[in-house]
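> Quick note: the sequence shown uses the numbering used here, first residue 256, plus one each step. C-beta atoms are modelled at their ideal positions from N, C-alpha and C, and glycine is treated no differently. Predicted model only: the values in this text are computed from it and were never measured.
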Amino acid sequence: MSLIDLHCHILPGVDDGAADLSTALELAKAAVDQGVGHILLTPHHMDRQYLNHKQELLNKVARFQTCIDEAQIPLTVFCGQEVHINGELIHAIETDDVLFMDEANRYLLLELPHSDIPTYASNLIFELVSRQIIPVIAHPERNVIIQKNPEKLYELVSQGCLTQITAGSYLGIFGQEVERLTGKIIQANLGTVFSSDAHNFQGRRFLMKDAFDKLNQEYPEKTEVFKQNAKDIINGENVGPVNFKQIKEMTKKKFWLF
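Here it is, written out as structure tokens:
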């Protein structure tokens, strides 16, 4: 089964990812080289720098797929957003300006600030879950608060969130401490899926095959689980149940042994 990437920034000219079509197509080829057959395109949305409205993105992604097909790149792309947590999120959902990770509107790729978890996050997540929307926290291993206190990630998951781990984090692209924390998140069963978060050909690039090769060596029982989870999310299906008792035990045993 080809890999499914649920978070990347290769849609050209919409955020800090691919700047133009030529670069975007080269990145699409790089994705295929890493075993990726399907990508959810997730431009930044509502993060005070980028505002990528739903209908505009749907049109741009359709045009990009046509360009991919014309270039004979064996890749299928879907339209999504990396939605920054903010006080206007519920209103944006109610006014139909938010793209989910699936057509059933069950899974939402939610980005936290790099150096903070807002005080209102718990209430917002409760509101989302009460609407039967499951937040998928983007790259939690790179959040400074979670790095200092990994118990915060357990709290998010216990509220009903899933997590998207960046492949490059697991491979040390963001430094040894992030790499170690990512490994512990996976070991503690707090990770749901790998995604590339690809922006370019340098640091944040496609490393999906490499991450799965490492996962298969260290935690072979999780390899197919991560792949199936990605498939279930993009199809709007149920992701396997979370064993909170096991997670809590693993968190206590593993996170503090740095």
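Is it right to say threonine 374 is buried, meaning 16 or more other beta carbons lie within 10 angstroms of its own, or is it exposed?
Exposed: under 16 other Cβ atoms inside 10 Å.
> Can you tell which of Lys477, Arg459, Asp352, Glu492 has the C-alpha that lies nearest to the C-alpha of alanine 286?
When only C-alpha atoms are compared, the closest one is Arg459.
> Consult DSSP for glycine 272 and reduce its assignment to one of helix, strand or coil.
Coil.
> Sorted by chain position, which residues of the same chain lie with C-beta nearer than 8 Å to asparagine 378's C-beta, five sequence neighbours on each side aside?
The answer is none, since no qualifying residue turns up.
> Measure the beta-carbon distance from valine 391 to tyrosine 425 and round it to whole angstroms, keeping in mind my assumption that it falls under 8 Å.
That pair is no contact at about 17 Å.
> Assuming aspartate 452 and histidine 369 are in contact, meaning their beta carbons sit under 8 Å apart, how far apart are those beta carbons, in whole angstroms?
Not a contact, Cβ separation roughly 13 Å.
> Entirely within the segment 353–418 and at least 3 residues each: give me those beta strand (DSSP E) ranges in chain order.
With a minimum length of 3 residues, the continuous beta strand (DSSP E) runs that stay inside the segment 353–418 are 362–366, 389–393.
> Measuring only the C-alpha atoms, how far is glutamate 311 from isoleucine 328?
Each residue's Cα considered, the two are about 24 Å apart.
> Just to confirm my understanding: we take serine 257, look at its own chain, exclude 5 residues before and 5 after, and list those with CB closer than 8 Å. What are they?
Correct list, in chain order: Gly290, Val291, Gly292, His293.
> Would alanine 273 pass as a contact of isoleucine 265 if the rule is Cβ separation under 7 Å?
Taking 7 Å as the Cβ cut-off, alanine 273 and isoleucine 265 qualify as a contacting pair.
> Quick one: measure Cβ to Cβ for aspartate 371 and histidine 339, integer angstroms, because I've assumed they're closer than 8 Å.
Contact doesn't hold; Cβ gap of about 12 Å is too wide.
> What is the C-beta distance between aspartate 333 and isoleucine 489, in whole angstroms, given that I count them as a contact (C-beta under 8 Å)?
Reading the sequence as shown, one finds phenylalanine at residue 333 and not aspartate. Confirmed, Cβ separation roughly 7 Å.
> For aspartate 465 and glutamine 472, what's the separation of their Cα atoms in angstroms?
Roughly 11 Å between the two C-alpha positions.
> How would you write the range of the alpha helix (DSSP H) that phenylalanine 467 sits in, first residue to last?
Here the alpha helix (DSSP H) through phenylalanine 467 covers 463–473.
> Measure from the alpha carbon of histidine 299 to the alpha carbon of each residue in Leu367, Thr321, Ile380, Ala359, then state which is nearest.
Among Leu367, Thr321, Ile380, Ala359, the Cα nearest to that of histidine 299 belongs to Leu367.
> Given a threshold of 16 other Cβ atoms within 10 Å of its Cβ, counted over all protein chains shown, does lysine 403 qualify as buried or as exposed?
Flag for lysine 403 reads exposed.
> On the DSSP bridge assignment, give the partners of aspartate 260 in chain order.
Note: aspartate 260 sits in a beta bridge opposite Ile294.
> Between which residues of its own chain and leucine 365 is the CB-CB distance below 7 Å, once the five residues before and five after are set aside?
Within the same chain, leucine 365 has close Cβ partners Val338, Ile340, Pro390, Val391, Ile392, Ala393.
> Tell me which same chain residues have a C-beta within less than 6 Å of the C-beta of leucine 512, skipping the five on either side of it?
With a pLDDT of 40 at leucine 512, under the threshold of 50, the modelled position of this residue cannot be trusted; read the value that follows with caution. Closer than 6 Å at Cβ, skipping near neighbours: no residue.
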